[in-house]
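Input: a single structure, listed below in structure tokens.
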Amino acid sequence: MFNLDFSQKCLTKVLLNFPASSFRYIPRLPPPPPGARRTTTKLSALSSTRSGGVDGFSFPLSTADEIECLEAAVRQSQRIWEQYVQFLRNQKTTAMDIAGVMKLLFQDEALDGYNFNGIQGRQRQKRPLRMYAIFVDCMLEAWQEQDIDGPQLQKGITVAITASKSRQRVKRCRENKRYRAQLEQEQQVDVLL
């Protein structure tokens, strides 16, 4: 499922290399230019306002490697498992659907190589989310009070993956449209010269 060396590196980073008081890994951004304001996105603002967290991880996760690292840490540490389950409980309100929670936890680019069953036809093989504890076991444990069962979770995760793919497709179409408009504008300038 995932490279054992990679999971050991992740676990080492998460559990051993950080002092106990500063267990949260946050990537360092370059300082803003003088006079500039640093803004937060709607998702990060929502995530940061809710209590809890998982030691060594900053949500939403942005890469597949971070998902694999979280999976390895959850499987190898009961403390990380409990923190992640509590974090899931804090994120999901009764009115929020599973797709909304997944949008808070994982960026679209991070979910690119995944689907629920791992079946993709003739295209490249996807990684099956049903084999990951962070997507099935932890979510079922966290939301059992809200009567979320296996089929509901599967449907919610499938809807979340579909919505993620749709958002990525719209983003690509907009980028292509901007690129084509820029090329047309450059061609018009060349014709005038």
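Numbering (the UniProt record's numbering), first residue to last: 1 to 193. Glycine is no exception: its CB is placed at the ideal position from the N, C-alpha and C atoms. Just so it is clear, the structure is predicted and the values come from calculations on it, not from any experiment.
Backbone CA spacing between residue i and residue j [nearest angstrom]
| i | j | result |
| --- | --- | --- |
| Ala110 | Arg180 | 27 Å |
| Pro128 | Glu71 | 13 Å |
| Ser77 | Ile134 | 13 Å |
| Leu105 | Leu88 | 9 Å |
| Val189 | Leu183 | 10 Å |
| Glu145 | Asn176 | 45 Å |
| Arg169 | Thr63 | 18 Å |
| Ala187 | Arg174 | It should be pointed out that residue 187 corresponds to Gln in this sequence rather than to Ala. Taking the straight line from one Cα to the other gives about 20 Å. |
| Ile119 | Gln125 | 7 Å |
| Glu141 | Asp65 | 24 Å |
| Thr158 | Ile148 | 15 Å |
| residue 199 | Gln154 | The displayed coordinates of the chain run from 1 to 193. Any statement about residue 199 would go beyond what the structure contains. |
| Asp97 | Gly56 | 26 Å |
| Gln152 | Ile67 | 22 Å |
| Cys69 | Trp143 | 23 Å |
Whether residue i touches residue j by CB criterion (8 Å)
| i | j | result |
| --- | --- | --- |
| Val101 | Gln83 | no |
| Ile80 | Asn115 | no |
| Gly156 | Ala95 | no |
Where residue i falls, given that 16 or more other Cβ within 10 Å makes a residue buried
| i | result |
| --- | --- |
| Gly113 | exposed |
| Leu192 | exposed |
| Cys166 | The sequence given here places Ser at residue 166; Cys does not occur at that position. Ser166 comes out exposed. |
| Gln91 | buried |
| Ala45 | Reliability fails at Ala45, whose pLDDT of 39 lies under 50, so the model's placement of it is uncertain and the value that follows must be treated cautiously. Exposed, because fewer than 16 other Cβ atoms sit within 10 Å of the Cβ of Ala45. |
| Gln185 | exposed |
| Ser48 | In this prediction, Ser48 has a pLDDT of 41, which is less than 50 and means its spatial position is unreliable; what the coordinates show is noted afterwards. Exposed, because fewer than 16 other Cβ atoms sit within 10 Å of the Cβ of Ser48. |
Nearest residue (CA-CA) to residue i, options the options
| i | options | result |
| --- | --- | --- |
| Arg172 | Ala99, Phe87, Asp108 and Pro34 | Asp108 |
| Arg130 | Cys69, Gly150, Ala64 and Val159 | Gly150 |
| Pro60 | Glu186, Lys103 and Ala73 | Lys103 |
| Cys138 | Val85, Gly118 and Arg75 | Val85 |
| residue 235 | Asp65, Gln125, Tyr132 and Lys126 | Residue 235 lies beyond the stretch modelled for the chain, which goes from 1 to 193, so this question has no answer here. |
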